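Engineer: One structure, as structure tokens, below. Some questions next.
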Amino acid sequence: MITPKSQARRSAVQAIYQWQLTGYELKEIERQFVEEHGISKGELSYFQDLLHNVPTRLEGIDAALQEYTNRPIEQIDPVERAILRISTYELMEHPEIPYRVVVNEGINLAKEFGATQSHKFVNGVLDRMARKFRAVESQAHREAKS
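Have a look at this one:
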């Protein structure tokens, strides 16, 4: 079963992708997703958080992402870019969500929406980012595995 947060991320990836390609107003994209895609009350709040805060914090998100990619952000596939931006925002702004959840959700979204091998790229970027933004949590996880 897909959790409301997972469904909110799924919808947010599609909405951010649309925003990246069209530049439409976020309120219009939100209205479209709520009316046409039937976003439930359980996922609406988190969907709104992602949809409105990722673009608002885009400069910081993209600067953080750029450290872990080998090409300019604009050259990353738009689907992967949307996933990475959302996941980066979560790593930076939602410490209550375990970093492994953020990474796994990003991988699953890349498998669902991205190109054949995009989940490997997303995994590599997010795993390295987690070491910086969630250093204590990441270190504890690595120590527990060894």
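In this text, residue positions in the sequence shown follow the working numbering: the first is 363, and each later residue adds one. Even glycine gets a Cβ: it sits at the ideal position worked out from N, Cα and C. Keep in mind that this is a model prediction, so the values were computed, not measured.
1) Please name the residue in Lys507, Gly385, Val464 and Thr431 whose C-alpha comes closest to that of Ala370.
2) What's the call for Ser407, buried or exposed, on a 16-neighbour Cβ count within 10 Å?
3) Throw me the rounded Cβ distance for the Tyr430 and Arg490 pair, which I believe falls under 8 angstroms.
4) With a cut-off of 8 angstroms on the beta carbons, I'd call Ala374 and Leu412 a contact; round off their distance for me.
5) Taking one C-beta from the segment 442-461 and one from the segment 482-498 each time, how about it: are there three or more such pairs within less than 8 angstroms?
6) Below 8 angstroms between beta carbons: does that hold for Leu383 and Pro440?
7) Taking the alpha carbon of His481 as the point to measure from, which residue in Pro457, Arg443 and Val498 has its own alpha carbon closest?
8) Thinking C-alpha only, which one of Pro457, Ala477, Ile401 and Glu499 is nearest Ser368?
9) Check whether the Cβ atoms of Leu453 and Arg496 sit closer than 8 angstroms, and answer yes or no.
10) Would you kindly report the start and end of the unbroken alpha helix (DSSP H) that includes Asn485?
Structural biologist: Well, looking at it:
1) Sequence index remark: in the sequence shown, residue 370 carries index 8 (1-based). Of Lys507, Gly385, Val464 and Thr431, the residue nearest in Cα terms is Val464.
2) The residue labelled residue 407 in the question sits at position 45 within the sequence shown. Counting C-beta atoms within 10 angstroms of its own C-beta, Ser407 has fewer than 16 neighbours from the protein chains shown and is therefore classed as exposed.
3) Counting from 1 along the sequence shown, the entry for residue 430 is found at position 68. Counting from 1 along the sequence shown, the entry for residue 490 is found at position 128. 5 angstroms between Cβ atoms; contact.
4) Along the sequence shown, one-based indexing puts residue 374 at 12. Along the sequence shown, one-based indexing puts residue 412 at 50. Correct: roughly 4 angstroms between the Cβ atoms.
5) Touching, yes, given that three or more Cβ pairs across the two stretches are closer than 8 angstroms.
6) For the purposes of this step, residue 383 is taken as the residue at position 21 of the sequence shown. For the purposes of this step, residue 440 is taken as the residue at position 78 of the sequence shown. Annotated as proximal: Leu383 and Pro440, with beta-carbon spacing under 8 angstroms.
7) Taking the sequence shown and counting its residues from 1, the one referred to as residue 481 is at position 119. For His481, the closest C-alpha among the options Pro457, Arg443 and Val498 is that of Arg443.
8) Position 6 of the sequence shown holds residue 368. Comparing Cα positions, the closest option is Ile401.
9) Sequence index remark: in the sequence shown, residue 453 carries index 91 (1-based). Sequence index remark: in the sequence shown, residue 496 carries index 134 (1-based). Yes, the Cβ-Cβ distance between Leu453 and Arg496 is below 8 angstroms.
10) Reading the sequence shown from its first residue, position 123 is the one you call residue 485. Its alpha helix (DSSP H) spans residues Ser480 to Phe495.
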